[in-house]
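Below is one structure; the comments refer to it alone.
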Amino acid sequence: MPVFLQRLFPRPRRPFQWSQAVVLLVFVVVYAAVVLGLELSNTMLFVWPEAFGLMLLTPWVWWLHVAGGSGLGRTRGVVALWTRLALIGLFVMLLAEPRAVRTSDVVAVMYTVDISDSVGRETDDENAQDQALQFVASTMSKKPEGDQAGLVVFGRNSAVELPPAEVTPLEDGILLNSLIDRDATNLEQSLSLAAAMLPAENRGRIVLISDGTETAGDLRGILDELKSREIAVDVMPITYSYESEVWVEQLELPRNVKLGEPYDADVVISSLKSGSGNLVLKENDRTIAERAITFPAGKSRYTFPIFLRSAGYYEYSATVIVEQGDDSWKENNTVLNYLFVEGEGKVLVVTDPRGNPADHESLVRAIRENQRGVDVRNAYEFPRDALSLMSYDLVIFVNVGVEAFDVVQMGALQDSVENLGIGFLMVGGPNSFGPGGYRKTVIEEIL
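Residues 6 to 452 in our numbering are what the sequence shown lists, from first letter to last.
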């Protein structure tokens, strides 16, 4: 036998008897029973169970004790061996990173209620959203004592209306205080927020109340995460039906237009049943046509003549107006479209409402003498959106201070310069540049 093996496994000083292995066998059985009992009873779990492989060293420790003949009496020798084996077993358990497991019978339920526009439609007697909230309030009030319940409401975004608690104040029903964008439905974000609100020490459950129409987010990813966390999701679908619905499907405008020529705007209306009403066409928020119509079930097309007399940006809206009982959802009764007619370049001169007309008269005269179109407006009349500036090649501020504009107007000018390529010029004066208060504003950035 090699020397190093002789040192690791020395020869026994006394004849070996298999009865001496009883202590080792009993220890292994007891130790395995303790570890498995802790794991299976959920009293304790071990993060790194691979550490128990070190228990293979216990036969070597036992052999050193048997072969060494420590000189102790039989009883003291057995106690010493048990002590050594127990210390090794305890050390290995510590290496396995034990974690205490606390069990709780408390169930925490988070209700997630869809309050987007798609479930805000009127049913026969009441709103589907109100019915969902009444259901939540009713089930919360009947929950078992000690359990917790909370509420998340969602549309495009999500918000916690009621955090999980044993007692919820529902004497006056559920009054929503959260600001929710209702133009979309994000199921993923709502479930993620609800899961984050569930206490880790309690059993968690989510009740999803929605029509299931997902327009934002990705539901599949969050469902896999909830499954891995053993959070159950119960779905209570919101259903609604309505026999009367009218909506504007399309507003068709010509793409290529010339000034001074007539064109047609076509409005396509869809309806679930025949009916009558008024169809209103607006140009830049000004009504240019209104017609009483009678429409059948299905699609109908109506044509309006339009005549463009000057270049610029034109926004059109078509709205169908029917009786109260003939429509279920008024949000789809209007559709928008726009035209931009490019003509000769024009200059917009912006003046101080309280300024001296002499500040800009000579400038306007010089521009017109060079056969360029000029519009003169004071700062209060300055457009609040970039599209309204599309018909201009250049915007000139003539001795007008920053206090004459609001943030929206200055943002519209910045957008038109940076994104639409419109020029910008500021004429000097006591109310221009730094003296005019433009320091650290968006106007300074575009200058």
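Glycine included, C-beta positions come from ideal geometry on N, C-alpha and C.
Who does residue i pair with in a DSSP beta bridge?
i	result
T356	N383 and V403
F2	This structure gives no information on residue 2, because the portion of the chain shown stretches from 6 to 452.
Q255	V273
V455	Outside the displayed range of the chain (6 to 452) lies residue 455, so it cannot be described from this structure.
N283	A297 and I326
G317	V346
E288	R291 and Y321
V340	A323
G303	S276
P267	F312
K351	G378 and Y397
S163	F159
D119	F159
A170	A154
If residue i and residue j are in contact, beta carbons under 8 Å, what's the gap, nearest whole angstrom?
i	j	result
V272	L284	6 Å
L198	L231	Not really, about 12 Å apart at Cβ, beyond 8 Å.
L4	V346	No information on residue 4 is available, as it lies outside the stretch 6 to 452 that the chain covers here.
R210	I236	7 Å
I298	Y307	6 Å
F159	N182	Actually they are not in contact, since the Cβ atoms of F159 and N182 sit about 14 Å apart, beyond 8 Å.
L86	V28	6 Å
L457	T63	Residue 457 is absent from the model: the chain starts at 6 and stops at 452.
A409	Y385	7 Å
P103	M49	5 Å
I326	G282	5 Å
Find the nearest neighbour of residue i within the set the options, judged by alpha-carbon distance.
i	options	result
G94	L452, Y36 and K148	Y36
Q255	S146, S275 and I236	S275
A189	D122, I451 and L138	D122
V262	K148, V52, L344 and E171	L344
D119	V97, R104, P242 and V28	P242
D331	A200, R296 and E250	E250
S437	V407, L418 and E206	V407
E257	A221, F309, R444 and P168	F309
L353	V111, F402, T88 and Q419	F402
S421	V432, F410, I451 and G439	I451
M202	A170, S146 and E386	A170
L277	S305, E266, P64 and E295	S305
A26	Q134, E44 and V83	V83
E206	L90, Q153 and G441	Q153
D239	I448, W334, Y116 and G378	Y116
G155	T63, P440 and V114	V114
E423	V447, G58, D186 and N404	V447
W53	A101, E386, E150 and G442	A101
E336	V253, D216, K445 and L69	V253
N404	G433, N383 and Q419	G433
D110	V141, Q136 and P149	P149
K351	E328, V381, A363 and P435	V381
P301	G280, P168, L184 and R104	G280
V97	A56, W67, A105 and D135	A56
R161	Q139, V141, S146 and R187	R187
S163	A137, V172, A200 and F140	A200
G222	P435, Q194, S215 and Q419	Q194
L138	L167, Q376 and V112	L167
V212	V112, V40 and R377	V112
K147	D135, V172, D269 and D216	V172
R208	W68, G151, S215 and V157	G151
V141	D290, S215, I185 and A72	S215
E248	G439, M431 and S333	S333
P204	R234, G217, R260 and Q376	R234
N383	P435, P362 and R225	P362
W67	G439, M145 and T88	T88
So does residue i have its beta carbon nearer than 8 Å to some heavy atom of the ligand GTP?
i	result
N207	Among the ligands in the structure shown, none appear at all, so the ligand GTP cannot be discussed.
**OP:** Output the residue ranges of the alpha helix (DSSP H) runs that lie fully inside the stretch 187–244 and measure 4 residues or longer, sorted by chain position.
**Re:** 192–202 and 224–233
Original post:
When the Cβ atoms of the stretch 381–401 are set against those of the stretch 315–326, are three or more pairs found closer than 8 Å?
Top reply: yes
**OP:** Could you tell me whether the stretch 284–297 touches the stretch 318–332, using the rule of 3 or more Cβ pairs below 8 Å?
**Re:** Cβ pair count under 8 Å is three or more, so yes.
Original post:
Is there contact here, the stretch 355–367 with the stretch 331–343, by at least three beta-carbon pairs under 8 Å?
Top reply: With a cut-off of 8 Å, the stretch 331–343 and the stretch 355–367 do not count as touching, because too few Cβ pairs lie within range.
**OP:** Give a yes or no on contact between the stretch 361–372 and the stretch 407–415, applying the rule of three or more CB pairs nearer than 8 Å.
**Re:** no
Subject >> Segment contact flag, the stretch 418–438 with the stretch 382–391, C-beta cutoff 8 Å, min 3 pairs >> reply: yes
Subject >> Secondary structure, alpha helix (DSSP H): runs of 4+ residues fully inside the stretch 409–433 >> reply: 412–425
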